[in-house]
Amino acid sequence: MLDIPGFTPVTPTADIRVARHGNRAKCLQRLIRMDLPVPQTVAIPFATVREIAEGQMPDLATLIGLFEGEPMLLSVRSSSEAADWGGPNAVLNIGMNDAAHGWLSKTLGHAAADKLYLRFIRSFAIEVMRLDEEPFDAAKTPSEACIIYEEEIDDPFPQSIADQLAAVLRSMARAWDGTSARLLRQAKGAPGDAGLGLVVQRMAQGMGPGQSGSGVVQFVNPATGEPKVTGRYMGQAMGRRDLRNSDKAIYLTRDERGPSLEDLLPEVYGELLKVGARCRKRLREEMQVEFTIDQGRLAVLDAVRCPREARASVAIAAALARDGIIPRSEALLRVSPDTLSRLLHRQVDPGAERVVLARGIAASPGAAAGRIVFDSAAAQAAQSRDEACILVRRETSPDDVRGMHAADAVLTERGGTTSHAAVIARGLGLPCVTGAIGLHVSHKKRRVILADGRVLREGDEITIDGSTGEVMEGRVATTEPALNGAFGDLMAWSDDVRDIGIRVNADTVADATLSRTFGVDGIGLCRTEHMFFESGRLTVMREMIFAETGADRAAALDRLLPMQRDDFTALFSLMSGLPVCIRLLDPPLHEFLPNETDGIRSLAEALDRPLSEVKARIESMQEYNPMLGMRGVRLGIALPEIYEMQARAIFEATVAALAKGVDVRPEIMIPLVTARREVELVKRRLDGVAAKVRDETGVDFDYDLGVMVETPRAALRAGEIAEQAAFLSFGTNDLTQMTYGLSRDDAGRFMSAYVNEGVYPEDPFGTLDVEGVGELLLLGASRGRKANPKVILGLCGEHGGNPESIAFCRFAGFDYVSCSPFRVPVAKLAAAQATI
Ligand code: PEP
Ligand code: MG
Numbered sequence: 014m015l016d017i018p019g020f021t022p023v024t025p026t027a028d029i030r031v032a033r034h035g036n037r038a039k040c041l042q043r044l045i046r047m048d049l050p051v052p053q054t055v056a057i058p059f060a061t062v063r064e065i066a067e068g069q070m071p072d073l074a075t076l077i078g079l080f081e082g083e084p085m086l087l088s089v090r091s092s093s094e095a096a097d098w099g100g101p102n103a104v105l106n107i108g109m110n111d112a113a114h115g116w117l118s119k120t121l122g123h124a125a126a127d128k129l130y131l132r133f134i135r136s137f138a139i140e141v142m143r144l145d146e147e148p149f150d151a152a153k154t155p156s157e158a159c160i161i162y163e164e165e166i167d168d169p170f171p172q173s174i175a176d177q178l179a180a181v182l183r184s185m186a187r188a189w190d191g192t193s194a195r196l197l198r199q200a201k202g203a204p205g206d207a208g209l210g211l212v213v214q215r216m217a218q219g220m221g222p223g224q225s226g227s228g229v230v231q232f233v234n235p236a237t238g239e240p241k242v243t244g245r246y247m248g249q250a251m252g253r254r255d256l257r258n259s260d261k262a263i264y265l266t267r268d269e270r271g272p273s274l275e276d277l278l279p280e281v282y283g284e285l286l287k288v289g290a291r292c293r294k295r296l297r298e299e300m301q302v303e304f305t306i307d308q309g310r311l312a313v314l315d316a317v318r319c320p321r322e323a324r325a326s327v328a329i330a331a332a333l334a335r336d337g338i339i340p341r342s343e344a345l346l347r348v349s350p351d352t353l354s355r356l357l358h359r360q361v362d363p364g365a366e367r368v369v370l371a372r373g374i375a376a377s378p379g380a381a382a383g384r385i386v387f388d389s390a391a392a393q394a395a396q397s398r399d400e401a402c403i404l405v406r407r408e409t410s411p412d413d414v415r416g417m418h419a420a421d422a423v424l425t426e427r428g429g430t431t432s433h434a435a436v437i438a439r440g441l442g443l444p445c446v447t448g449a450i451g452l453h454v455s456h457k458k459r460r461v462i463l464a465d466g467r468v469l470r471e472g473d474e475i476t477i478d479g480s481t482g483e484v485m486e487g488r489v490a491t492t493e494p495a496l497n498g499a500f501g502d503l504m505a506w507s508d509d510v511r512d513i514g515i516r517v518n519a520d521t522v523a524d525a526t527l528s529r530t531f532g533v534d535g536i537g538l539c540r541t542e543h544m545f546f547e548s549g550r551l552t553v554m555r556e557m558i559f560a561e562t563g564a565d566r567a568a569a570l571d572r573l574l575p576m577q578r579d580d581f582t583a584l585f586s587l588m589s590g591l592p593v594c595i596r597l598l599d600p601p602l603h604e605f606l607p608n609e610t611d612g613i614r615s616l617a618e619a620l621d622r623p624l625s626e627v628k629a630r631i632e633s634m635q636e637y638n639p640m641l642g643m644r645g646v647r648l649g650i651a652l653p654e655i656y657e658m659q660a661r662a663i664f665e666a667t668v669a670a671l672a673k674g675v676d677v678r679p680e681i682m683i684p685l686v687t688a689r690r691e692v693e694l695v696k697r698r699l700d701g702v703a704a705k706v707r708d709e710t711g712v713d714f715d716y717d718l719g720v721m722v723e724t725p726r727a728a729l730r731a732g733e734i735a736e737q738a739a740f741l742s743f744g745t746n747d748l749t750q751m752t753y754g755l756s757r758d759d760a761g762r763f764m765s766a767y768v769n770e771g772v773y774p775e776d777p778f779g780t781l782d783v784e785g786v787g788e789l790l791l792l793g794a795s796r797g798r799k800a801n802p803k804v805i806l807g808l809c810g811e812h813g814g815n816p817e818s819i820a821f822c823r824f825a826g827f828d829y830v831s832c833s834p835f836r837v838p839v840a841k842l843a844a845a846q847a848t849i
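Take any residue in the sequence shown, note its place counting from 1, add 13, and you have its number in the numbering used here.
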């Protein structure tokens with residue numbers, strides 16, 4: 014094996030490593046090991062590229078000396094550790110100079126040689142030496158281009174391959190260190206100091222006599238993952254850019270719309286299919302293969318993991334496992350929880366009325382409606398108000414990435430399927446339409462002029478369909494995503510391996526229905542207060558809150574009772590056989606009262622009381638610190654009739670459901686507990702109600718009483734609390750709020766400063782703070798379990814849908830986590846991944 018300082022020839026036995034040379038170099042070695050016709054390749058490791066960026070060039074004469082052939086033309090491609098971290102664009106035909114031009118004129122003819130040389134001078138000048146593009150537009154011949162080059166840079170166009178190569182390597186190494194490249198790759202999860210490797214390869218000419226050309230092929234549909242040969246081929250062409258920019262490219266497979274490689278060169282086409290099948294088996298992946306045909310001979314230049322949308326990545330992983338190429342556990346690991354969540358995106362309802370304002374390129378699938386914003390700051394502001402927004406830009410740049418994170422969809426005037434907006438949006442799973450025809454975006458005037466002259470302004474609502482490229486007026490109805498067989502397979506395989514339950518936070522029949530289709534293990538949190546906000550109920554609720562006497566309150570509660578009973582009966586029937594955990598009323602009562610004059614006036618009318626009295630009453634109920642005030646179990650202690658009504662509704666619904674043959678044993682959960690005595694008091698009352706309902710109906714039933722551990726004191730006193738409880742459910746939203754003393758409703762205003770300054774590694778309301786809140790969880794869990802070994806442990810804060818937090822709960826020995834309906838599949842996959 015050759016041992017050359019600074020670079021490594023890629024041979025079957027060379028020591029090429031992803032962590033040292035990058036993904037592309039490793040992949041090329043694998044292709045070489047498979048005996049595929051790969052042109053001679055040398056890898057430059059991360060360390061050398063770093064030195065090059067710092068101005069220290071390795072011995073290029075030795076590097077060039079490794080290559081054979083005449084004329085000596087090389088390409089350089091980037092090779093980062095993970096394929097999707099990107100890297101500077103490839104530079105082709107390094108070594109093109111007057112001599113090579115002369116040589117190629119003889120073999121390829123003048124026209125082809127001129128074209129190659131002219132193109133190289135241009136790309137060297139613009140991409141490597143960073144000269145302006147414009148002066149080169151006038152150059153029609155290589156010599157004209159050489160003159161322009163010299164005028165611009167005061168030096169002749171370099172004729173030495175070593176000089177050219179040095180400039181290319183330096184420019185690529187420095188581009189990787191630039192701020193925008195760094196931000197882009199960080200958005201894709203790369204560490205700030207990620208390395209870049211480079212691969213230098215001998216050019217296989219796609220231009221020359223006979224059948225020569227270049228192409229890109231993949232063997233699956235990148236949108237769906239279904240088997241399908243797709244890609245393009247073009248005669249007398251070189252590199253991906255040729256293929257992208259030309260309408261002379263032809264199909265690969267026989268196609269009635271035009272000529273194809275299959276017809277033109279059936280043997281080469283057959284060979285390509287074999288390459289695809291071998292790559293799939295040996296590399297255990299669907300690959301996209303870049304190839305040239307050099308006078309009828311196939312050369313495989315490169316193979317990268319086939320780019321794919323969320324749907325396709327799930328389909329591909331599942332198919333590889335079904336075909337026995339990878340184990341199921343690996344298929345599960347190959348799909349990131351985020352990818353899965355993208356699959357769950359909405360589509361425009363086919364039956365919905367739509368007025369199409371513009372059409373563009375369907376750049377990233379899914380549909381979203383929202384208000385127009387024109388920059389990142391406005392997108393972030395909308396997000397903090399919980400308002401859906403569509404980021405509209407002429408085109409996007411790295412500066413817009415933060416806005417894209419905050420937006421629900423992206424629309425750009427310019428660009429195509431590979432433009433910045435499209436690539437980033439696909440990465441983020443955002444619906445995106447690029448290159449919208451006839452649209453004119455003015456960031457300055459904050460408006461969009463449509464092709465027919467109509468004007469849209471900031472704040473106007475539009476709907477984007479990133480699957481069709483349509484931009485529609487207003488809010489168009491969307492449908493839930495259609496989940497295919499591969500998704501089902503993945504869910505089933507996750508269920509086979511995961512050892513922590515995944516429940517759902519569901520308050521409505523719709524939420525519960527959706528989560529059942531995802532195969533959820535039960536309801537972990539039904540927030541009953543949401544049921545009181547429905548129309549028709551709010552007034553009764555307000556009457557109950559305003560009641561001055563016990564009798565008035567009882568009358569209002571009597572009216573609420575059947576409504577709650579119906580809610581619970583419906584949930585029990587839907588979730589038959591699965592646990593349903595209902596939380597008793599939690600928020601401060603004044604949250605149910607109106608705070609605007611109009612609302613207060615209608616309340617006064619409904620109550621038949623003077624406006625001033627109602628106003629004064631509302632004011633008297635205001636609290637200085639409502640989140641720490643009269644809420645949760647404190648309501649249950651101070652106004653026990655409310656919890657009693659809720660308990661009666663739950664028990665009567667249980668009886669009604671049992672009568673229908675539904676398998677139900679309700680769980681009732683007490684919020685915001687701080688002391689054992691609170692639990693005892695509520696338990697005694699609830700047991701009393703249960704006994705009465707059993708008596709009245711003659712039906713025997715059971716229920717489990719649990720406690721929400723969402724105050725630090727409850728976690729600390731979990732031992733004595735657990736003696737009274739069948740389960741403890743950690744409410745990490747409030748627990749985080751109280752552990753940090755950080756308002757969950759106000760922290761958004763300064764959280765980004767905190768995260769940017771490294772005070773907190775992440776927003777603790779999104780990802781569980783394992784060091785602080787996590788310690789309380791561990792403590793509460795162990796004290797609870799010690800006092801009551803049978804106690805069931807769950808978590809129902811927002812963290813229940815976060816993969817890292819799920820892994821932590823599993824580590825802490827929790828029985829389940831509970832999350833919002835759309836996070837259920839993500840949580841199941843994350844739970845499975847945590848066990849593998
Ligand atoms: C919690 O505090 O974690 C919780 C689940 O309850 P809520 O978000 O309703 O306060
Ligand atoms: Mg809470």
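Every residue, glycine too, gets a C-beta built ideally from N, C-alpha and C.
What does DSSP give as the partner residue(s) for residue i in the beta ladder?
i, result
"Cys539", "Ile595"
"Ala375", "Val446"
"Arg215", "Leu87"
"Thr305", "Ser227, Ala312"
"Phe743", "Val722, Leu808"
"Asn518", "Leu538"
Indicate the three-state DSSP secondary structure (helix, strand or coil) for residue i in the structure shown.
i, result
"Gln577", "helix"
"Met417", "helix"
"Thr710", "helix"
"Ala27", "coil"
"Phe59", "helix"
"His453", "strand"
"Met14", "The predicted model places Met14 with a pLDDT of 45, which falls under 50 and marks its position as unreliable, so this point remains unresolved."
"Met300", "strand"
"Asn106", "strand"
"Val348", "coil"
"Glu239", "coil"
"Ile683", "strand"
"Leu370", "strand"
How about residue i and residue j: are their beta carbons less than 8 Å apart?
i, j, result
"Arg550", "Ala449", "no"
"Glu426", "His453", "yes"
"Arg823", "Ala840", "no"
"Ala619", "Thr552", "yes"
"Asp599", "Gly645", "yes"
"Leu49", "Val288", "yes"
"Ile263", "Gly271", "yes"
"Val675", "Phe585", "yes"
"Val484", "Leu424", "yes"
"Gly797", "Ala731", "yes"
"Leu357", "Phe835", "yes"
"Arg661", "Arg596", "no"
"Val517", "Gly479", "no"
"Glu147", "Pro235", "no"
"Pro444", "Gly379", "yes"
"Phe616", "Arg529", "The sequence as given places Leu at residue 616; Phe does not occur at that position. No, the Cβ-Cβ distance between Leu616 and Arg529 is not below 8 Å."
(Q) Would you call the segment 298–310 in contact with the segment 222–241, where contact means no fewer than 3 C-beta pairs closer than 8 Å? (A) Here the segment 298–310 lies against the segment 222–241, with 3 or more beta-carbon pairs under 8 Å apart.
Q: Please determine if the segment 460–473 and the segment 488–503 are in contact, where contact requires at least 3 C-beta pairs separated by less than 8 Å.
A: No, the segment 460–473 does not touch the segment 488–503.
Q.
Under 8 Å: do the segment 623–630 and the segment 663–675 share three or more Cβ pairs, one atom per stretch?
A. Between the segment 623–630 and the segment 663–675, the count of C-beta pairs closer than 8 Å stays below three; the two stretches do not touch.
Q.
Quick test of the definition: if touching needs 3 or more C-beta pairs under 8 Å, does the segment 757–777 touch the segment 687–705?
A. At 8 Å Cβ cutoff, the stretches do not touch.
Q: Please list the segments of the beta strand (DSSP E) lying wholly inside the segment 147–218, counting only runs of 3 or more residues, in order along the chain.
A: Runs found: 209–215.
(Q) So within the segment 252–289, which uninterrupted beta strand (DSSP E) runs reach at least 3 residues, ignoring any that extend past its ends? (A) Taking only runs of at least 3 residues, no beta strand (DSSP E) segment lies wholly in the segment 252–289.
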